[in-house]
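Residue numbers (the working numbering): 1260 to 1414. First comes the structure, then the notes that go with it.
Pasting the structure below:
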């Protein structure tokens, strides 16, 4: 005689197996999402004589997104419109020199850029500073740079 199991016992075993696999999948997807999530934050207000960078936000993108870039945005404002000097933000991404992003005289400009090093999978360090361009004869007014970093290897 063959041993037969009732349909209810088989159904219970299948349901347990499916639920176990679903739970295991949720655990692993949560662990991967935690590692692969971008690191976001607010850039502190950068303000010095004649220039202000406000409402700044940044993202250190994970290695496979947007070249693993340091992505940032904010509002660059010329606070002394009568001085006829331009304003700019300088960004230094890991492994590169300073890059300038100019605003406009007597106005507010929304900036949104990404900076990265093509030889690396991700960017883990960046510096920002806001400056007033005072021409060639006088030094620019620059705020001390703000360091933003994230150690991807430690999570």
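Note that the Cβ used here is the ideal one computed from N, Cα and C, for glycine as well.
As assigned by DSSP and simplified to three states, the class of residue i
| i | result |
| --- | --- |
| residue 1359 | strand |
Opening and closing residue of the beta strand (DSSP E) in which residue i lies
| i | result |
| --- | --- |
| residue 1392 | 1384-1392 |
| residue 1378 | Taken as a continuous stretch (DSSP letters only), residue 1378 belongs to no beta strand (DSSP E), as it is neither H nor E. |
| residue 1347 | 1345-1352 |
For residue i: DSSP bridge partner residues
| i | result |
| --- | --- |
| residue 1373 | 1330 |
| residue 1270 | DSSP output for residue 1270 lists no bridge partner at all. |
| residue 1410 | DSSP output for residue 1410 lists no bridge partner at all. |
Sequence-distant residues of the same chain with beta carbon closer than 7 Å to residue i, five excluded per side
| i | result |
| --- | --- |
| residue 1325 | 1373 |
| residue 1347 | 1359, 1360, 1361, 1362, 1390 and 1392 |
| residue 1352 | 1329, 1374, 1375, 1376, 1382 and 1385 |
Proximal residues to residue i (C-beta, below 8 Å), its chain only, five neighbours per side dropped
| i | result |
| --- | --- |
| residue 1288 | Because the pLDDT at residue 1288 is just 48, under 50, the model does not fix this residue reliably, and the point stays unresolved. |
| residue 1355 | 1374 and 1376 |
Close beta carbons around residue i, own chain, < 6 Å, minus the five adjacent residues each side
| i | result |
| --- | --- |
| residue 1368 | 1335 and 1362 |
| residue 1401 | 1388 and 1390 |
| residue 1404 | 1386 and 1388 |
| residue 1307 | 1400 and 1402 |
| residue 1364 | 1337 and 1345 |
Those runs of the beta strand (DSSP E) which lie wholly inside the region 1296-1337 and span at least 3 residues: 1298-1301, 1305-1307, 1310-1319 and 1329-1337
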